[in-house]
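S.K.: Quick note on numbering: the sequence shown equals residues -4 to 478 in my numbering.
Even for Gly, the Cβ is constructed at its ideal location relative to N, Cα and C.
Sending over a structure as structure tokens; questions will come in a sec.
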Amino acid sequence: MTAAWYYSSVRRAAPIVAFILLAVSSAAADTIVLKNGRRIVAANVVEEGDRVSCETSAGKLSIPKSIVARIERDNFGSSSGSGSAEPPVSAPQVEPVRGYNDVARLTVHDNLIDFAYISRLESDARSNSPVAIEKVAAAHHTAAQFLLSKGDINSAIDHYRQALSFAPDNMGLLLNLSVLYLRQSQFSNALDPLEHARRISPDSADVAKLMGWAYYGANKMDRAVEEWNRAERIQPDPEVEHALEKAQRDKAEEESYREGETAHFVLKYTGGATPDLARAILHVLEDDFRDLESQLDYTPPEPIGVILYTDQAFADITRAPSWAGAINDGRIRVPVQGLSSVTSDLAHVLKHELTHSFVGQKSHGRAPTWVQEGVAQWMEGRRSNSAAGAIVEMAGQGQAPRLEQLEGSWLGLPSGAAAIAYAYSLAAVESIIQAGGVSDISRLLDNIATAPSMESALRGTLHSDYADLDQQTIAYLRSEYVH
Ligand SMILES: [Zn+2]
-4 MTAAWYYSSV RRAAPIVAFI LLAVSSAAAD TIVLKNGRRI VAANVVEEGD RVSCETSAGK
56 LSIPKSIVAR IERDNFGSSS GSGSAEPPVS APQVEPVRGY NDVARLTVHD NLIDFAYISR
116 LESDARSNSP VAIEKVAAAH HTAAQFLLSK GDINSAIDHY RQALSFAPDN MGLLLNLSVL
176 YLRQSQFSNA LDPLEHARRI SPDSADVAKL MGWAYYGANK MDRAVEEWNR AERIQPDPEV
236 EHALEKAQRD KAEEESYREG ETAHFVLKYT GGATPDLARA ILHVLEDDFR DLESQLDYTP
296 PEPIGVILYT DQAFADITRA PSWAGAINDG RIRVPVQGLS SVTSDLAHVL KHELTHSFVG
356 QKSHGRAPTW VQEGVAQWME GRRSNSAAGA IVEMAGQGQA PRLEQLEGSW LGLPSGAAAI
416 AYAYSLAAVE SIIQAGGVSD ISRLLDNIAT APSMESALRG TLHSDYADLD QQTIAYLRSE
476 YVH
């Protein structure tokens, strides 16, 4: 979950109480959209009879269903536990060639890629025999799929590119390559093979579907809507229809928005936010971007979309005296109700959410929730001082959480457990950074992108397993904070 709520009056209360309330609302990610257009971001949204109940930073709410237009579920962290949004559409399964099962068997055997075999096929293919070229395509596709199953997306991309040097017009190779770029948020790179594929097959619904994904990811709603409409005309598909509806909603909502753009961000905002505030937010985000770029040794390949909302509804309904919050569903969505400048709370929110974008993209969307939330909290400047005592005490009673259990979604966690999950994740990240510096986090994210499991990423980076890291975390809290 990439929601982070800041509730200033609560923050001034006793630290541990503040912490728990904060984390309860941090579990929030679903948005209840009311028929009057107002939006409430909340946790544990449940439909019961004719009412919808949920938790907000101001407590539990129950709203009559009759005033609710829809509930937008934020899937972040659901199954993958990743920091990036679910793709808007799924990737079509396209085999570059069929009927070369023998080639597949000879390309990958004994859990290894047979490179000698592939290079023999490649030298045969230099004769330009169509069958030899098809075999090369089949071999590289098999090798790429094998590497993907191991999480090595970059090497898989290399195989498709190599195959395309032999079979440049192979639709299966072009589509599979574009999907890998899309999964890495490299939307411009994805457009190259897709444009080539369109020249070969102008009426391909798959090409239009994937182009829609590329434009959607690149925040070009007009083009996304155009492509998905085209896909629907060629071949109706409920999934594309759903994505199209969402893109049309975003497009309509954002048409009245003004835009600001810097090197790394595309920012949209309604008239309610002042151009000065928008400029100030972009300025802060650019500073944060440079900082995260150097700390995490990573540069997101595409501009990041940021949307500023002015939404009186939240304050009305929750009666929260002052609040700001955000979600990151691939784009950073920030309510800036009543703000005219970047307050320190808003600055924390921006850094936190931008960190989610970096962590999600650098780990290819595979970072578990505890890594996402631990790193995001650390980067925004939060430290474990207020929660250390409680966690050490739990550990003393044998009740400390375990990181391994915090990989997936935290949506189902009861509120107390969510608070502990946030605190413990921060503590683990802090202990890693204390032991080996931020560069260990950077290397860990690289390893997460390619390792078959989180535990093997830990071993590859820190030479420890989950049990070691749990121990290290408690020992760190004890020595650093508990006297
Ligand atoms: Zn978060």
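Out of Ala139, Thr137, Ser160 and Leu142, state which residue places its alpha-carbon closest to the alpha-carbon of Ile128.
M.R.: Walking along the sequence shown from the start, residue 128 turns up at place 133. Of the listed residues, the one whose Cα sits closest to Ile128 is Ser160.
S.K.: I need the boundaries of the beta strand (DSSP E) containing Gly255, first residue and last residue.
M.R.: By one-based count along the sequence shown, residue 255 stands at place 260. Residues Arg253 to Glu256.
S.K.: Excluding five sequence neighbours on each side, which residues of the same chain lie with their C-beta closer than 6 Å to the C-beta of Trp501?
M.R.: Since the first and last residues shown for the chain are -4 and 478, residue 501 lies out of range.
S.K.: Going by DSSP, what residue range makes up the beta strand (DSSP E) through Tyr95?
M.R.: Locating residue 95 in the sequence shown gives position 100, where the first residue counts as 1. Careful: Tyr95 lies outside any beta strand (DSSP E) and carries neither H nor E.
S.K.: Kindly indicate which three-state DSSP category Lys145 falls into: helix, strand or coil?
M.R.: For the purposes of this step, residue 145 is taken as the residue at position 150 of the sequence shown. It is coil, neither helix nor strand.
S.K.: Which two residues bound the contiguous alpha helix (DSSP H) that contains Val279?
M.R.: Here residue 279 refers to the residue found at position 284 of the sequence shown. It spans Pro270 to Leu291 - the alpha helix (DSSP H) in which Val279 sits, taken as one unbroken run.
S.K.: Classify Gly76: buried if its beta carbon has 16 or more other beta carbons within 10 angstroms, exposed otherwise.
M.R.: For the purposes of this step, residue 76 is taken as residue 81 along the sequence shown, with counting starting at 1. Residue placement at Gly76 cannot be trusted, given a pLDDT of 29 that sits under 50; what the coordinates show is reported in the next sentence. The residue is buried, with at least 16 neighbouring Cβ atoms inside 10 Å.
S.K.: How many Å lie between Asp109 and Gln140 at the Cα?
M.R.: Sequence index remark: in the sequence shown, residue 109 carries index 114 (1-based). Sequence index remark: in the sequence shown, residue 140 carries index 145 (1-based). Using only the alpha carbons, I get a separation of about 14 Å.
S.K.: Please determine, among Ser379, Gln290, Asn380 and Pro363, the residue with the shortest C-alpha to C-alpha distance to Lys346.
M.R.: For this step, residue 346 is matched to residue 351 along the sequence shown. Taking only the C-alpha atoms, the option nearest Lys346 is Gln290.
S.K.: Just the Cα atoms here: how many angstroms apart are Glu227 and Ala219?
M.R.: Counting from 1 along the sequence shown, the entry for residue 227 is found at position 232. Counting from 1 along the sequence shown, the entry for residue 219 is found at position 224. Each residue's Cα considered, the two are about 12 Å apart.
S.K.: Over what stretch of residues does the alpha helix (DSSP H) that includes Arg328 continue unbroken?
M.R.: What you label residue 328 is simply residue 333 of the sequence shown in a count that begins at 1. Segment Ile327 to Pro330 is the beta strand (DSSP E) holding Arg328; no alpha helix (DSSP H) there.
S.K.: If you drop the 5 nearest sequence neighbours on each side, which residues of the same chain put their C-beta closer than 8 Å to that of Ala455?
M.R.: Here residue 455 corresponds to residue number 460 of the sequence shown, with the count starting at 1. The sequence shown places Gly at residue 455, rather than the Ala named in the question. Hits under 8 Å: Asn442 and Ala446.
S.K.: With distance defined between alpha-carbon atoms, name the residue in Leu169, Val261 and Val98 nearest to Gly325.
M.R.: As a first step, residue 325 must be located in the sequence shown, where it is residue number 330. It is Val261 whose Cα lies nearest to the Cα of Gly325.
S.K.: Hey, is Ala371 close to ligand 1, as in C-beta under 7 Å from one of its heavy atoms?
M.R.: For the purposes of this step, residue 371 is taken as the residue at position 376 of the sequence shown. Yes, Cβ of Ala371 sits closer than 7 Å to a heavy atom of ligand 1.
S.K.: Between Glu368 and ligand 1, is there a pair consisting of the residue's CB and a ligand heavy atom that are separated by less than 7 Å?
M.R.: Reading the sequence shown from its first residue, position 373 is the one you call residue 368. Flag set: Cβ of Glu368 near ligand 1.
S.K.: Got a sec, what are the start and stop residues for the beta strand (DSSP E) Val261 sits in?
M.R.: Counted from its first residue, the sequence shown places residue 261 at position 266. Its beta strand (DSSP E) spans residues Phe260 to Tyr264.
S.K.: Given 8 Å as the limit, is there contact between the region 429 to 442 and the region 357 to 377, that is, 3 or more CB pairs closer than that?
M.R.: Yes: the two stretches touch, three or more of their Cβ pairs being nearer than 8 Å.
S.K.: Going by C-alpha to C-alpha distance, which of Arg93, Ala390, Val370 and Asn214 sits closest to Gly432?
M.R.: As a position in the sequence shown, residue 432 is number 437, starting the count at 1. Closest option to Gly432, Cα to Cα, is Val370.
S.K.: Taking 8 Å as the cut-off, decide whether the C-beta atoms of Val131 and Leu116 are in contact.
M.R.: The count along the sequence shown starts at 1 and reaches residue 131 at position 136. The count along the sequence shown starts at 1 and reaches residue 116 at position 121. A contact, by the Cβ cut-off of 8 Å.
S.K.: Could you check the C-alpha separation between Ile415 and Met374 for me, to the nearest Å?
M.R.: Residue 415 sits at position 420 when you count from the first residue of the sequence shown. Residue 374 sits at position 379 when you count from the first residue of the sequence shown. Approximately 19 Å between the Cα atoms of the pair.
S.K.: Please find out if some non-hydrogen atom of ligand 1 comes closer than 7 Å to the beta-carbon of His347.
M.R.: Within the sequence shown, the letter at position 352 stands for residue 347. At least one heavy atom of ligand 1 is nearer than 7 Å to the Cβ of His347, so yes.
S.K.: Can you tell me whether His458 is buried or exposed? The criterion is at least 16 other CB atoms within 10 Å of its CB, across all chains shown.
M.R.: Indexing the sequence shown from 1 puts residue 458 at position 463. With fewer than 16 other Cβ atoms within 10 Å, it is exposed.
S.K.: Classify Gly411: buried if its beta carbon has 16 or more other beta carbons within 10 angstroms, exposed otherwise.
M.R.: Looking up residue 411 in the sequence shown gives position 416. Under this definition Gly411 is an exposed residue.
S.K.: Return helix, strand or coil for Asn184, following the three-state DSSP convention.
M.R.: Taking the sequence shown and counting its residues from 1, one reaches residue 184 at position 189. Three-state DSSP puts Asn184 in a helix.
S.K.: Can you tell which of Gln467, Val202 and Thr294 has the C-alpha that lies nearest to the C-alpha of Leu186?
M.R.: As a working note, residue 186 is residue 191 in the sequence shown. The option with the nearest alpha carbon to Leu186 is Val202.
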